[in-house]
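Novice: First the structure, then my questions, so here it is.
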Amino acid sequence: MGAKTNKDKIKSRISHDGGGNWYDYRWHLKNIIRDLPRAFELLGIRPGQDFLRDSTEVLSKFPLAITPYYLSLIDVSDYMNDPVFKQSFPSYKELDVKHNDMIDPLSEDKDSPVKTIVHRYPDRVLFNVCNYCSMYCRHCTRKRKVGDSDHVLSKKDLLEGVKYIKNTPRVRDVLLSGGDPLMLEDEKIDWLLGEIARIPHVEVIRLGTRMPVVLPFRITDDLLSVFRKYKSLWINSHFNHPKEITGASIMALNKLSEAGIPLGNQSVLLSGVNDCPRIIKNLVQKLVKHRVRPYYLYQCDLAEGLSHFRTPIGKGIEIMESLIGHTSGFSIPTYVVDAPGGAGKIPLTPNYIISWSSDKVILRNYEGIITTYREPARYLNCNMDCDACKLHLNMDDAAEQSNPIGIEKLLSDTDDTISLIPQNTERMKRRK
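Using the working numbering, the first residue of the sequence shown is number 50, and each one after it goes up by one.
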């Protein structure tokens with residue numbers, strides 16, 4: 050059964066008289082499916098009683114929310130294996146909390162100086178502006194907050210976040226996240242973007258949303274009029290499977306790119322959904338076809354109840370081997386683990402350095418060819434003496450890094466530090 054047939058049946062079953070505009074995002078938000086029997090009724094499926102019983106128990110802890118549009122993408126003839134179904138519908142495995150699962154696996158709460166801000170990296174912050182989504186992903190790393198009425202954000206909360214950014218000059222990049230920021234009304238989005246854009250030291254505003262995937266009709270002309278005001282705006286979406294790239298989602302992506310907004314995509318590697326080199330390759334190639342740059346491929350986080358979604362890191366490396374050299378470089382995302390404890394994103398890549406000496410590096414390529422790269426015989430290493438440097442450093446907007454941190458500090462010839470002491474990092478000081 051095709052998605053078009055599903056669409057017509059679902060629309061008819063929601064609006065018994067056939068009324069309602071399928072292409073109006075407000076209609077979809079009004080008719081978000083939050084009840085499991087209702088979802089199966091709309092799909093015309095009769096699941097087993099065991100599945101219903103187990104799923105109902107899961108939903109008492111992790112709620113259900115699916116837009117009619119995203120529901121319509123499910124292949125009802127093989128729904129238990131469908132990638133949209135697996136991302137949307139509960140599994141009893143979500144109640145199987147392993148000993149290494151965590152409520153807040155990325156320690157976002159510890160790196161939160163104010164309620165809405167996560168400040169982990171030196172020059173950028175994550176700004177949680179909304180705790181609701183139009184569709185609740187079963188693999189969500191923020192299950193502890195998303196959809197929880199105890200975490201509803203007020204305008205005062207948002208202003209507190211804006212104030213923190215204003216008072217922290219090192220912040221040049223702000224990522225609006227949630228929940229989904231596009232659950233906010235256009236006027237509120239405009240207000241929030243305006244408040245951030247007026248901060249002199251903010252150079253980039255990013256917005257993370259899954260709307261082009263689960264409710265592409267949210268990308269309206271009115272919303273684009275808001276976005277066009279902000280020339281530093283970038284948008285990242287969250288396509289996990291080629292099946293999610295539909296005619297409607299392509300139209301939404303085209304509208305955004307034609308409005309001059311750079312687009313990226315962040316996928317999560319999910320067992321039983323997209324853990325296949327052919328699927329990921331097809332996904333990234335379809336994305337770049339529609340002017341979306343694959344940004345990250347995430348290893349699934351250690352959030353509670355996600356063990357059935359996690360793959361070995363080796364599977365991710367295998368997938369990266371199938372991409373590097375086999376498709377265009379700009380089609381290849383960075384495979385990362387967002388490290389437990391708040392250590393941030395750690396890139397993972399196949400090892401292309403086989404060995405090296407003082408004057409040679411032995412490399413291999415994607416085909417297995419082994420080659421030699423000879424190091425320069427004479428190279429004057431930088432000693433960070435900027436006053437004596439002959440490079441053109443007279444750039445007013447290129448500030449000197451006078452206080453390196455992390456690995457950069459160990460590599461610096463102007464600092465005597467020989468080992469890292471994590472409790473003394475700037476991030477840990479901010480926590481205090």
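Ideal Cβ positions, reconstructed from N, Cα and C, are used throughout, including at glycine.
1. Out of 355, 351, 469, which one is the CA nearest neighbour of residue 154?
2. Should residue 421 and residue 410 be called a contact, given that it needs their Cβ atoms to be closer than 9 angstroms?
3. Is residue 77 helix, strand or coil by DSSP?
4. Let me check understanding here. Comparing Cα to Cα, which of 425, 111, 101, 86 lies closest to residue 354?
5. Nearest CA to the CA of residue 474: which residue from 91, 108, 171?
6. Below 8 angstroms on the Cβ atoms is my guess for residue 344 versus residue 285; work out the distance and round it to an integer in Å.
7. In the DSSP output, what is residue 151 paired with across the bridge?
8. Tell me the rounded alpha-carbon separation between residue 337 and residue 304.
9. Measuring only the C-alpha atoms, how far is residue 151 from residue 469?
10. Which same chain residues end up closer than 6 angstroms to residue 55 when comparing Cβ atoms and leaving out the 5 residues on each side of it in sequence?
11. Quick one: using the 10 Å Cβ neighbour count with 16 as the cut-off for buried, is residue 129 buried or exposed?
12. So, with DSSP's three-state summary, where would you put residue 218?
13. Which residues does DSSP list as the beta-bridge partners of residue 176?
14. Say whether the region 248-266 touches the region 224-236, bearing in mind that this needs 3 or more beta-carbon pairs closer than 8 angstroms, one atom from each stretch.
15. Identify the residues that DSSP records as bridge partners of residue 4: which are they?
16. Assign residue 180 to buried or exposed, taking buried as 16 or more other Cβ atoms, counted over all protein chains shown, within 10 Å of its Cβ.
17. Out of 383, 235, 408, 325, which has the shortest C-alpha to C-alpha gap to residue 74?
18. Where does residue 240 fall in DSSP's three states?
19. According to DSSP, what are the bridge partners of residue 335?
20. Any idea which residues DSSP pairs residue 394 with across the strands?
21. Between residue 266 and residue 306, what straight-line distance do the alpha-carbon atoms span, to the nearest angstrom?
22. Would residue 116 pass as an interface residue toward chain C - the criterion being a Cβ-Cβ separation below 9 angstroms?
23. How about residue 387 and residue 190: do their beta carbons lie closer than 9 angstroms?
24. Verify whether the separation of the beta carbon atoms of residue 243 and residue 278 is less than 9 angstroms.
25. In its own chain, which residues sit with a C-beta less than 7 angstroms from the C-beta of residue 96, not counting the 5 before and 5 after it?
26. Kindly indicate which three-state DSSP category residue 51 falls into: helix, strand or coil?
27. Can you give the beta carbon distance from residue 458 to residue 464, rounded, assuming they're within the 8 angstroms contact cut?
28. What is the DSSP secondary structure of residue 343, reduced to helix, strand or coil?
29. Return the bridge partner residues of residue 316 from the DSSP annotation.
30. Which class does residue 413 belong to by DSSP, given the choice of helix, strand or coil?
Specialist: Judging by the given coordinates:
1. The shortest C-alpha separation from residue 154 is found at 351.
2. Taking 9 angstroms as the cut-off, the Cβ atoms of residue 421 and residue 410 count as close.
3. Here residue 77 sits in helix by DSSP.
4. The shortest Cα separation from residue 354 among 425, 111, 101, 86 belongs to 111.
5. For the residues 91, 108, 171, the minimum Cα distance to residue 474 belongs to 171.
6. Right, the Cβ-Cβ distance comes to about 6 angstroms (below 8 angstroms), so this counts as a contact.
7. According to DSSP, residue 151 bridges with 352.
8. Distance between residue 337 and residue 304, taken at the CA atoms: about 15 angstroms.
9. Taking the straight line from one Cα to the other gives about 26 angstroms.
10. Scanning its chain for C-beta atoms nearer than 6 angstroms, with the 5 sequence neighbours on each side dropped, one finds around residue 55 the residues 121, in chain order.
11. Exposed, since its Cβ has fewer than 16 Cβ neighbours within 10 Å.
12. DSSP places residue 218 outside both helix and strand once states are collapsed to three, so it counts as coil.
13. Paired residues: 166, 225.
14. Judged by pairs of C-beta atoms under 8 angstroms, the region 248-266 touches the region 224-236, as three or more such pairs exist.
15. Residue 4 lies beyond the stretch modelled for the chain, which goes from 50 to 481, so this question has no answer here.
16. It counts as buried.
17. The shortest Cα separation from residue 74 among 383, 235, 408, 325 belongs to 235.
18. Here residue 240 carries a helix assignment [DSSP, helix/strand/coil].
19. In the DSSP assignment, residue 335 is bridged to no other residue.
20. Its beta-bridge partners are 387.
21. Straight-line Cα distance between these residues: approximately 15 angstroms.
22. Given the protein chain composition of this structure (a single chain), no chain C is represented.
23. Cβ atoms of residue 387 and residue 190: closer than 9 angstroms.
24. Against a cut-off of 9 angstroms, the Cβ pair of residue 278 and residue 243 comes out as a contact.
25. If we look at residue 96 and ignore the five residues flanking it on each side, its Cβ neighbours are 89.
26. Note that residue 51 has pLDDT 46, beneath the 50 cutoff, so the model's placement of it is unreliable and no number is given.
27. That pair is a contact at about 6 angstroms.
28. Of the three classes helix, strand and coil, the one that applies to residue 343 here is strand, per DSSP.
29. As computed with DSSP, residue 316 is found in a beta bridge with 346.
30. Residue state, collapsed to three classes: strand.
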